[in-house]
Amino acid sequence: MYLVLCVIWFSIGSTLSEPPLAVVKEGTLRGKFMKTLGGKEIAAFLGVPYASPPDRFKAPSPPKKWEGILDATKPKNDCLHYTELGLYIVGSEDCLYANVYTPKDFRDTKKLKDVIIYIHGGGFSGMLGHYGPKYLLDHDVVYVFFTYRLGPLGFLSTGDTVIPGNFGLKDQNMLLKWVSRNIKAFGGNPNSVTLSGTSAGGASVHYHMLSPMSKGLIHRAFSMSGTVLDPWTKTENFKERASKLGELLNCPSANSTEYYECLMKKEGQEIVSKMKDLQTWVYYPFTVFGPVVEVEHPNAFISKPPRDIIKNGEAQEVPWLTTLTSEEGLYPVADFIANETLVRYLDEHWNEVAPSLLDYGHLFEKDALNEISKKIRNKYFGNGSIMENEKALIDVCSDRHFILGTVEAARLHASIYKSPVYSYLFSYRGKNSVSGYVSKSNKNWGVCHDDDTGYMFENEMINPEETENDRKMIAVMTNVLVNFAKNGVPEMEDHLLWPKVNEVKDTFTYVNIKSPTYNIMERNSSLGQPQFWDSLNLKEKEY
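Written out as structure tokens, the structure is:
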């Protein structure tokens, strides 16, 4: 899902006459005051450069120093990307900027505050919008939101050192290094950093747990609806995709250096515009360019398959909170569920479309693919029509794209590492949902992928301020996040004892967040239909 949204900027209304100033290693910043949902005054520093303007297909470099006072009262460019819903290109290649939000007394450094960083999602190719501080900063924390390179400009790889790939992840790593150097200037504690994210952002958090490049820069990790074991979080056949992109741009890829030189002569907008030509149905596969395992070189983000890194005990030892929503598969289904023509096409051409929709087309030859597709359809839909069984359509996308990978990743970490692993299932349906924003329908299909995020970081898709129950859920979810950021345990005000994932080996243990006042521990041995998917023998290629 590639949504481009506007930040909801709220009342400034400061009674202070002088704007806030922060002195970082590179120079002095002038920010502005804002107010939270609860009326608390905070300082905001927007459009802060955390790296120099990037060179295309190169790792980022630190920001340069500046003279005088840099205005940090307005956000800067988003990174260049092709939008899914609007079918147009937005952003700029000069886009490595951060927004930092902190309590107005940030100059008092006697007690440094816990830091929460958020990585946005969007399939490594787009944005789900900006996520603001309006709810989170009612708590005494420092919050950082930032942008990073996307799509082919962020993740194209030739499989060698000419265009090694993972530039977006390396941008994120540069942000972590910037925070480590500078967050004290905003009253933040560089030794108490929680890295959080949703969807591709959640998977990015997990990647940083695995990368030696990010070792020691994060102290707690919060992956919402995304881990490295989800099938869409890696680029399969990335050399083939680089070659196809080259064909579309008239840049032959046989020689990597010549390919690179040809791409450097193209406009960024032209490169990004070819994304749509690499997706076979609607917007699928929705991760055309994503993380890869790089060849070994000094600046590699990862050079081993993620599952191997985890199993070999090489990941960082940090508390990890993983999450799911009860109807995860509403994304990607919300893209087309309200379009009768598209659903009918899927129903009539299931064997053709399912391998892209469910991201297994790269695993088998055509005859085997047809057999796998038939088995999946029979399991979830039986002899029925897809058009008449929306729930099954949501379920199959939930299981394949999110549940199976999250459960496996959480269990693996819990069985190998000493640091605790926690999980929740968010099943509260508020007044609004991401599915409604995407589908332009008011129908209640359940709790969509990314719905829980909106109760922690304000965004245009959810706007949970319209009902009393939604406002109560804001308090519940921000408490979960802030308590986890403070002590590594996702505590709730109802004092429910949050179980660790590894307490019962044969089942997956989690907290089901059903409402602001009703949350319950659950154990489930069949979440995501693992026995069925194991029977398909989907030997996932590690790139």
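FYI, in mature numbering (1 follows the signal peptide of the UniProt record, and there is no 0) the residues of the sequence shown are -17 to -1, 1 to 526.
Cβ coordinates follow ideal geometry from the N, Cα and C atoms, glycine included.
Just so we're clear, the structure is a prediction, and the values are computed from it rather than from any experiment.
Ignore the nearest five residues each way along the sequence and tell me which others in residue i's own chain have a CB closer than 6 Å to its CB.
| i | result |
| --- | --- |
| residue 204 | 178, 188, 192, 301 and 303 |
| residue 377 | 310, 312, 313 and 316 |
| residue 334 | 353 and 356 |
| residue 445 | 415 and 437 |
| residue 59 | 30 and 80 |
| residue 21 | 121 |
| residue 289 | 193 and 211 |
Between the C-alpha atoms of residue i and residue j, what's the straight-line distance to the nearest angstrom?
| i | j | result |
| --- | --- | --- |
| residue 308 | residue 435 | 7 Å |
| residue 489 | residue 207 | 23 Å |
| residue 136 | residue 283 | 17 Å |
| residue 468 | residue 498 | 22 Å |
| residue 162 | residue 506 | 38 Å |
| residue 66 | residue 241 | 29 Å |
| residue 75 | residue 62 | 5 Å |
| residue 345 | residue 128 | 34 Å |
| residue 277 | residue 287 | 8 Å |
| residue 527 | residue 77 | The structure shown does not extend to residue 527, since the chain spans only -17 to 526, so no value can be given for it. |
| residue 48 | residue 8 | 8 Å |
| residue 522 | residue 214 | 11 Å |
| residue 385 | residue 455 | 27 Å |
| residue 39 | residue 363 | 44 Å |
| residue 439 | residue 410 | 15 Å |
| residue -3 | residue 118 | With a pLDDT of 43 at residue -3, under the threshold of 50, the predicted position of this residue should be treated as unreliable, and no value is reported. |
| residue 318 | residue 36 | 33 Å |
| residue 174 | residue 110 | 29 Å |
| residue 153 | residue 140 | 13 Å |
| residue 496 | residue 64 | 34 Å |
| residue -6 | residue 366 | With a pLDDT of 38 at residue -6, under the threshold of 50, the predicted position of this residue should be treated as unreliable, and no value is reported. |
| residue 243 | residue 380 | 36 Å |
Would you grab the beta carbon distance between residue i and residue j for me? Rounded to a whole angstrom, and I think it's under 8 Å.
| i | j | result |
| --- | --- | --- |
| residue 274 | residue 217 | 6 Å |
| residue 194 | residue 264 | That pair is no contact at about 33 Å. |
| residue 390 | residue 397 | Not really, about 11 Å apart at Cβ, beyond 8 Å. |
| residue 106 | residue 222 | Wrong, their Cβ atoms sit about 20 Å apart, outside the cutoff. |
| residue 393 | residue 484 | 5 Å |
| residue 237 | residue 211 | Residue 237 to residue 211, Cβ: 31 Å. No contact. |
| residue 531 | residue 433 | Outside the modelled stretch of the chain, which goes from -17 to 526, sits residue 531, for which no answer is possible. |
| residue 184 | residue 151 | In fact, because the Cβ distance is near 11 Å, the residues do not count as touching under 8 Å. |
| residue 115 | residue 441 | 5 Å |
| residue 399 | residue 293 | 7 Å |
With a threshold of 16 other CB atoms inside 10 Å of the CB of residue i, please say whether the residue is buried or exposed.
| i | result |
| --- | --- |
| residue 6 | exposed |
| residue 514 | exposed |
| residue 342 | buried |
| residue 165 | buried |
| residue 71 | exposed |
| residue 480 | exposed |
| residue 225 | buried |
| residue 82 | buried |
| residue 324 | exposed |
| residue 327 | exposed |
| residue 291 | exposed |
| residue 450 | exposed |
| residue 156 | buried |
| residue 350 | exposed |
| residue 91 | exposed |
| residue 103 | buried |
Report all residues from its chain with a CB closer than 8 Å to the CB of residue i; omit the five preceding and five following residues, and keep chain order.
| i | result |
| --- | --- |
| residue 4 | 11, 12, 13, 14 and 52 |
| residue 232 | 245, 246, 249, 253, 254 and 257 |
| residue 516 | 382, 383 and 387 |
| residue 280 | 144, 147 and 286 |
| residue 520 | none |
| residue 370 | 323, 326, 327 and 330 |
What residues in its chain sit with their C-beta under 7 Å from that of residue i, if we drop five residues either side in the sequence?
| i | result |
| --- | --- |
| residue 475 | 459, 462, 463 and 502 |
| residue 95 | 167, 170, 171 and 172 |
| residue 26 | 3, 14, 16, 85, 87 and 89 |
| residue 509 | none |
| residue 122 | 461 and 465 |
| residue 422 | 317, 320 and 321 |
| residue 295 | none |
| residue 54 | 13 |
Are the C-beta atoms of residue i and some chain B residue less than 7 Å apart?
| i | result |
| --- | --- |
| residue 523 | Judged by its chain identifiers, the structure shown contains no chain B, having just a single protein chain. |
Item to complete: Just list the alpha helix (DSSP H) runs in the region 431 to 487, keeping only unbroken ones of 4 residues or longer that don't cross its boundaries, in chain order.
Response: 451 to 470
Worksheet item: Unbroken beta strand (DSSP E) runs of length 3 or more, entirely within the region 23 to 69: which are they?
Response: Correct list: 24 to 32 and 52 to 54.
Fill in: 3 or more residues per run - each beta strand (DSSP E) lying fully within the region 185 to 230
203 to 207
Practice prompt. Could you tell me which uninterrupted alpha helix (DSSP H) segments, each at least 4 residues in length, are contained entirely in the region 276 to 316, listed from first to last along the chain?
Written response: 289 to 294 and 313 to 316
Discussion item. Report the start-end ranges of each beta strand (DSSP E) in the region 89 to 171 that is 3 residues or longer and not cut off at the edges.
Written reply: List check, beta strand (DSSP E) in window: 96 to 102 and 125 to 129.
Discussion item. Extract the residue ranges of the beta strand (DSSP E) inside the region 495 to 520, only unbroken runs of 3 or more that lie entirely within it.
Written reply: 502 to 507
Discussion item. If we require 4 or more residues per run, which alpha helix (DSSP H) segments fall completely within the region 372 to 417?
Written reply: 373 to 381 and 387 to 399
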